[in-house]
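What follows is a short report on a single structure.
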Amino acid sequence: MKNARDMLVLYGLGLAVTLGGLVLVRAARPDGTPWELLLAGLVLLGFPLIHVVLNSFGFRGDGFALPVVMGLSGLGLMEIFRLQPTGMVRQAGWILLGLGVMLLTYRLACDPDRLGRYRYLWAAGATVLLGSALLFGTERGGARQWIDLGAVSFQPSEAVKVLLVLFLAAYLCEHQPVLIPHLPHDVELRALAPLGAVLGLSLLMLVIQRDLGGALLYFVIVLVMVYLGTGRADYVAAGAVSFLVGGGICYALFPHVRVRLDAWLDPWRDLPGVGYQTAQALFALGSGGIVGTGLGLGHPDLVPAAHTDLILAAIGEELGYVGVLCVVVLYVLLIGWGFCVALRAQAPFSRLVAAGASTVLGVQVVLILGGSLRFVPLTGITLPFVSYGGSSIVSNFVLLGLLLGVSHREEADRGVDRGRAHP
Amino acid sequence: MESPTGRRRTAGWIVAARIHRVARGLVGLIALQALVAAYWQVWRGPHLAQDPRNPRLLLAEERVHRGAILDRYRAPLAQTQFTAGRPVRVYPAGPLFAHLVGYRNLRLGKTGLEAALDPVLLGVKRRTPWEVFQETLARRLRRGLDVVLTVDPEVQRAAYRALGGRAGAVVVLDSRDGAVLAMVSAPAFDPNAVERTWEALRKDAGSPLLNRATHGRYPPGSTFKVVTMAAALSRRIATPKTTFFCPGFVAVRGQRITDGEGRAHGPVTLEDALVVSCNVAFVQLGLRTGGQTLREFAAAFGIGTQLPFELPTDPGHLPTPAEVAGDGVAQMAFGQGSLLVTPFQMAVVAATIARGGVLPKPYVVAEVQTPEGRVAERHRPDAGERILAAEVAEILRDTMVEVTSRGTGRAAAIPGVAVAGKTGTATTPGGAPHAWFIGFAPAHTPRVAVAVLVEHGGSGGQTAAPIAREVLVRALQRIP
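Residue numbers (this note's numbering), protein chains in the order written: chain A, 1 to 423; chain B, 1001 to 1480.
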């Protein structure tokens, strides 16, 4: 552990704030049982517990992200408890599952070679998942992106974003000599084909699944990772132009794309219709003001999807600008930490995985924070670690596990190198 | 290549600078959201919270014990009472404050201050989260904020009585700070019975629902001569002693403009022209002053613009430059033509002269207080903007005093108190002229300014001046 006492302070602070918040919610809305409070507390205690477990595995990386994510999860639990007490229990379960999956991913990511070796398995998995969603997917909230497995249903697109990072990192590493400039063009083009395919797929998702957020997310991941791997601005520019052209065509052809954009450009014009969600989010945020109405004392339930995509509006109404600022700061810390892990990594694959995972988290944050605040069009993306939703919680914990694994591996290698250099 | 992941090669080719760039961009975009959130929550927050389309307002209303509207002595003009557990909005003063206070009815909506002060009365504004939290814990019905007005019910009653059932309006301002002491519009209605009598009120040809004080548009007639004279004196186009010749009529654009009774005043100084309200002299003065200058001064007095006030007000109509080009200004010079004003605007004109040329910022809300009596907001005095030189205002005041001592406004004179005033008899197509009076008292240490309008009341000096007198007497007694 980096510094046991600092970590203790961070966890203590996070626990005190989130538990206090949960108690306030219960004071203001005395429905549900006290057991739910206890459960939330136990789940949050899982974070320091996992940290201890990691250390017992000989974790040498930087665990700073864990208390940060605990803070985000705690904020989410608070607001979900307030909006849907029963949903909070399920969310707590998802977080526990996420922590477990994170531990597993961490173990896998400690051996990056193996992760890289299965690159075509990741690609195949992503294709199958997306394909099945296209073929058998059921529609919810306007987007056909759910696979129903009887008792549970999940969003394949959430798993795909992780697989995409792994595949792209491995692919770029493998084809690095081809993708770097000064080589014949035919080779270059062939090597680019899979990347083009991913871009095409994301546009397809836009059209068939109506999952604008997912499409935008994949698109940005591909461009950023290609840029990181090749440093070629022309690839990025070509990709951006093709996506913009494709998006423009979609805007002209498909009403659901047009609706999203119109709602963004002017939510007030058709307030009861197209602009409803965006306008309600802004009303909630504005009614919160600087310090908010207080937990449990606002009306965030007026905002559609307040516990999932638009949870920022709920936080902004009840905790005010201060609460939103806290969310922003926590994300700045988390994403900043992720890129630090990438920068410290020496192996190309690890570096790309870490940078890619941080990008996925960061782009999601920008898209949904910006979407809630009418900075960009609102799309169906969850606020990582905060929004209600099993698929997104688990997949984001997988990304966190990857980052922790990379961090550990690099610090461990460094220690070995240092040991060799100074015997 | 031993390993596709290049484990043993260094990551040099994934240049750190690229990661830096991407990291900076993403983290920067996230941090930028803090500014975006500040825009919506801090800068636009109050507007969004009080936007009529914000469903929170309706929800809040169901669970709020609506605040009371009180007069300057804190007696209720509107309050919520509970009969059989159901909240009922009661207006103890009945029709007296019907237009100013307005009504709040679930079916008919809200008007007047009930509408304009809605967020305050509902307590959406200015409650600390702590107070809200306490109320929620105690399961109390949330209390809205109470509003204390500047109005004096006795002055209001005097004005209402003086109108004596005639259609018209009276606006009384404290000329020192612009506080509204009374605002009467007649005919009125009983806001307690508005739902029951709605159909009749809506169809009534006398338009009892219209607030004539703020939304009645009338030609100002001769009361506007004060503005014309102010413009001419300010631009040094004339002095009080400048002499005009009045043959009893003047022809402009082939139209014969006569004086009230068609009487020739002969040679008349500007001063005397105001005192006897000589149209012919003012037409000549207006032609010399010019339409553009006259428009400028009228606009400076707030004619043609919505005066800033707690209630929405009608801007009236300021003649367009085309309408007053050349000798088109002749009609405007004595307050006719396309010029239209509200009684509220004319009260502001009177108060401006009373204040030595400084335009007042009229207001009616003195304080906002919590149910516990803590002052949440207090009216901030605003000196207002000087639009006339003090010397010009002084000349106007002295001349207006003569109007009530030896001129058309003698019926407004009060023994022992110098009253400055100006009458107006505004001709209007279809019916008797509107009777006007504007003025203030005591002339040399003014406390109260007044504007009286009686629709189709005939001569201003005969109909409006006595009303102004009664109102001024009462107001001077009440307001020390």
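Each residue gets a CB set at the ideal place from its N, CA and C atoms; glycine is no exception.
In this structure, what does DSSP give as the bridge partners for residue 1087/B?
1082/B.
Residue 48/A lies in the alpha helix (DSSP H); which residues open and close that run?
34 to 56
Taking only beta carbons into account, state which residues of the stretch 1018 to 1044 of chain B come closer than 7 Å to chain A, listed in chain order.
1018, 1019, 1022, 1023, 1026, 1027, 1029, 1030, 1031, 1033, 1034, 1036, 1037, 1038, 1040, 1041, 1042, 1044
Identify every residue that forms a DSSP beta bridge with residue 1070/B.
BP columns for residue 1070/B point to 1076/B, 1148/B.
Presumed contact (8 Å Cβ cut-off) between residue 1213/B and residue 1343/B, rounded CB distance
5 Å
What are the start and end residues of the alpha helix (DSSP H) that includes residue 277/A?
276 to 288
Residues of the stretch 223 to 240 of chain A with Cβ closer than 8 Å to any Cβ of chain B, in chain order:
224, 227, 228, 229, 231
Contacts that residue 125/A makes with chain B (C-beta to C-beta distance below 9 Å):
Here the premise fails: no neighbours, minimum Cβ distance about 17 Å.
Would a check of beta-carbon distances place residue 390/A closer than 9 Å to chain B?
no
With a 10 Å radius around its C-beta and 16 neighbouring C-beta atoms as the bar for buried, classify residue 1282/B as buried or exposed.
buried
Looking at the ligand HEM, does it come within less than 8 Å of residue 1232/B, judged from the CB to the closest heavy atom?
Only the bare structure without any ligand can be found here, which leaves the ligand HEM out of the picture.
Coil, strand or helix - residue 1322/B by DSSP
coil
How many Å lie between residue 1078/B and residue 1096/B at the Cα?
12 Å
Any alpha helix (DSSP H) of 4 or more consecutive residues that is wholly inside the stretch 1141 to 1229 of chain B
For the stretch 1141 to 1229 of chain B, the full-length alpha helix (DSSP H) segments reaching 4 residues or more read 1153 to 1163, 1198 to 1203, 1212 to 1215 along the chain.
Residues that residue 299/A contacts on chain B, provided the C-beta gap is smaller than 7 Å:
1056, 1059
Of all the CB atoms in chain A, is at least one closer than 9 Å to the CB of residue 1051/B?
yes
Alpha-carbon spacing of residue 1016/B relative to residue 414/A, whole angstroms
17 Å
Please report whether the beta-carbon of residue 26/A lies at a distance below 9 Å from any beta-carbon of chain B.
no
Per DSSP, which residues does residue 1369/B bridge with? Please list them.
Residue pairing by DSSP places residue 1369/B opposite 1146/B, 1375/B in a beta bridge.
Residue 3/A to residue 66/A span [Cα, whole Å]
14 Å
Verify whether the separation of the beta carbon atoms of residue 1450/B and residue 1150/B is less than 9 Å.
no
Tell me where the beta strand (DSSP E) around residue 1255/B begins and ends.
1255 to 1258
Contact list for residue 1016/B against chain A, beta-carbon separation under 7 Å
343
Taking the alpha carbon of residue 29/A as the point to measure from, which residue in 343/A, 97/A, 82/A has its own alpha carbon closest?
The shortest C-alpha separation from residue 29/A is found at 82/A.
Min CB distance residue 165/A to chain B below 9 Å
Chain B contact via Cβ: absent.
Option in 1094/B, 1147/B, 1393/B, 1091/B with minimal Cα separation from residue 1118/B:
1147/B
Go through its chain and collect everything with a Cβ distance to residue 1352/B's Cβ below 6 Å, but skip five positions before and after it.
1359
Taking C-beta to C-beta, are residue 109/A and residue 39/A nearer than 9 Å?
Not a contact, by the Cβ cut-off of 9 Å.
With 16 as the cutoff for other CB atoms within 10 Å, does residue 1361/B come out buried or exposed?
buried
Report the option in 391/A, 289/A, 352/A, 366/A whose CA atom is closest to the CA atom of residue 323/A.
289/A
Report yes or no: is there a C-beta of chain B within less than 9 Å of the C-beta of residue 328/A?
yes
With DSSP collapsed to three states, give me the class of residue 388/A.
Reduced to three states, the DSSP call for residue 388/A is coil.
Three-state class that DSSP yields for residue 1301/B in the structure shown:
coil
Residue 1065/B at chain A interface by Cβ criterion, 9 Å
no
Tell me whether the stretch 1158 to 1170 of chain B and the stretch 1065 to 1079 of chain B touch, counting them as touching only if at least three CB pairs, one residue from each stretch, are closer than 8 Å.
Contact between the stretch 1158 to 1170 of chain B and the stretch 1065 to 1079 of chain B is not established, with fewer than three Cβ pairs separated by less than 8 Å.
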